[in-house]
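Asker: Residue numbers (our numbering): 2 to 188. Shown below is the structure under consideration.
Written out as structure tokens, the structure reads:
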């Protein structure tokens, strides 16, 4: 069975260490744990990981965050991957740092990358895994915050949180959304 696992972020060195790129960081951790590497392909960087008989196609879109739907739709079509086998990993300012929240479907919640994916797929019926980045910023400074770098404390905690997200993605592909939500949400 084949799954498309999408990590949202922005390309370019200026975005590399920012909160908004946590989707890329999660996929990098999954690729490393799976002993695979990304190659540049159409609309993004792609890697393929095998796990318990499943094929995980990892995608880091090169279309910039707000146009992620173009890459997602292309790779779903190319791999003949149904929406129920799509998982999108993104940042979320409404969740405390490191919090994992998986949902089988839902709204974009103000996230422009998720909004574009939903628009281009014509549905909100796909799983999304949110990585809490916290919301400790003054009113009106959301963009600066998500495009800002991690604090020293957050940076130290990231490796352990990334391992949890890798395990949750593998769980999604093997036991499904509901059991993964039970086992990983709020971990």
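Even for Gly, the Cβ is constructed at its ideal location relative to N, Cα and C. For clarity, every value in this text was computed on a predicted model and none was experimentally measured.
Identify which residue in 166, 78, 119 has its Cα closest to the Cα of residue 133.
Answerer: It is 166 whose Cα lies nearest to the Cα of residue 133.
Asker: Evaluate residue 139 with the Cβ neighbour count: other Cβ atoms within 10 Å of its Cβ, from every protein chain shown; 16 or more gives buried, anything less gives exposed.
Answerer: exposed
Asker: Nearest-angstrom Cα distance between residue 169 and residue 142?
Answerer: 31 Å
Asker: Between the C-alpha atoms of residue 96 and residue 171, what's the straight-line distance to the nearest angstrom?
Answerer: 22 Å
Asker: Taking the alpha carbon of residue 189 as the reference point, which residue from 129, 107, 103 has its own alpha carbon closest?
Answerer: Since the first residue of the chain shown is 2 and the last is 188, residue 189 is not available in this structure.
Asker: Out of curiosity, what's the CA-to-CA distance linking residue 68 and residue 118?
Answerer: 8 Å
Asker: Pull up the distance between the alpha-carbon of residue 20 and that of residue 150, whole angstroms please.
Answerer: 6 Å
Asker: Can you check whether the CB of residue 46 is closer than 8 Å to the CB of residue 61?
Answerer: Yes, Cβ-Cβ distance for residue 61 and residue 46 is below 8 Å.
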